[in-house]
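Asks: All residue numbers for the sequence shown refer to the working numbering, where the first residue is 441 and numbers rise by one.
Where a beta carbon is used, it is the ideal one built from N, C-alpha and C, also for glycine.
Dropping the structure in here first, questions after.
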Amino acid sequence: MKRFINSVKYAAKGLSEIFNTQNNFRIQIFIGLLVLFISLFLNLTGIEFLWIAFAVMIVLLMESLNTVIEKIMDFINPEYNHIVGKIKDISAAIVLIAAVFSVVIGVIIFGRAIFNLSPKYGIIIAIIFLVIIVLFSKRR
Numbered sequence: 441m442k443r444f445i446n447s448v449k450y451a452a453k454g455l456s457e458i459f460n461t462q463n464n465f466r467i468q469i470f471i472g473l474l475v476l477f478i479s480l481f482l483n484l485t486g487i488e489f490l491w492i493a494f495a496v497m498i499v500l501l502m503e504s505l506n507t508v509i510e511k512i513m514d515f516i517n518p519e520y521n522h523i524v525g526k527i528k529d530i531s532a533a534i535v536l537i538a539a540v541f542s543v544v545i546g547v548i549i550f551g552r553a554i555f556n557l558s559p560k561y562g563i564i565i566a567i568i569f570l571v572i573i574v575l576f577s578k579r580r
């Protein structure tokens with residue numbers, strides 16, 4: 441039991457570190473809390489609420505992973521290095537993909553609950569995002 445309590449303490453220290461040092465994490469926490477709060481007042485099914493909560497958590501998880509990757513890269517190579525820069529860019533892309541995924545979920549669920557929109561609008565956003573990636577990515 442003592443090991444478990446210590447593990448929770450270390451995890452809390454890690455969360456505190458991310459919260460206190462990462463502005464994007466704080467913004468995402470605020471948006472996540474706002475989205476969850478709004479969800480309480482909508483007529484969502486249990487599954488819809490679960491998807492909203494999942495969307496919020498996946499962004500926070502990916503932002504945390506991004507922070508870990510950036511800190512490891514800075515520790516390994518404190519000087520600028522183009523390979524480290526690419527690794528950090530890819531790590532940031534992970535967060536962006538999670539955020540777009542969350543927006544798609546939000547549009548599908550909130551769109552139906554608030555505006556009676558078809559889920560197709562969420563899919564359209566996903567398609568637009570993927571097309572943008574294809575069009576604006578440089579081929580090497």
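Within the stretch 441-493, note down every full alpha helix (DSSP H) run reaching 4 residues or more, in order along the chain.
Replies: 442-461, 463-480
Asks: Going by DSSP in three states, N506 sits in which element: helix, strand or coil?
Replies: helix
Asks: Give me the residue from L490, V496, V508 with the minimum Cα distance to V540.
Replies: V496
Asks: Between I534 and the rest of its own chain, which residues show a CB-CB distance below 7 Å, the 5 nearest in sequence each way excluded?
Replies: M502, L505, N506
Asks: Over what stretch of residues does the alpha helix (DSSP H) that includes S531 continue unbroken?
Replies: Taken as a continuous stretch (DSSP letters only), the alpha helix (DSSP H) holding S531 covers 522-555.
Asks: To the nearest angstrom, how far is the alpha carbon of S577 from that of P559?
Replies: 28 Å
Asks: Ordered along the chain, which non-local residues of its own chain (more than five positions away) have a Cβ less than 7 Å from that of A532?
Replies: N506
Asks: If we ignore side chains and look at the alpha-carbon of each, how far apart do V544 and I565 end up?
Replies: Spanning the two alpha carbons is a distance of roughly 6 Å.
Asks: Under a three-way DSSP split, which group does L578 fall into?
Replies: The residue you asked about is not Leu; residue 578 is Lys in the sequence shown. Coil at K578, not helix or strand.
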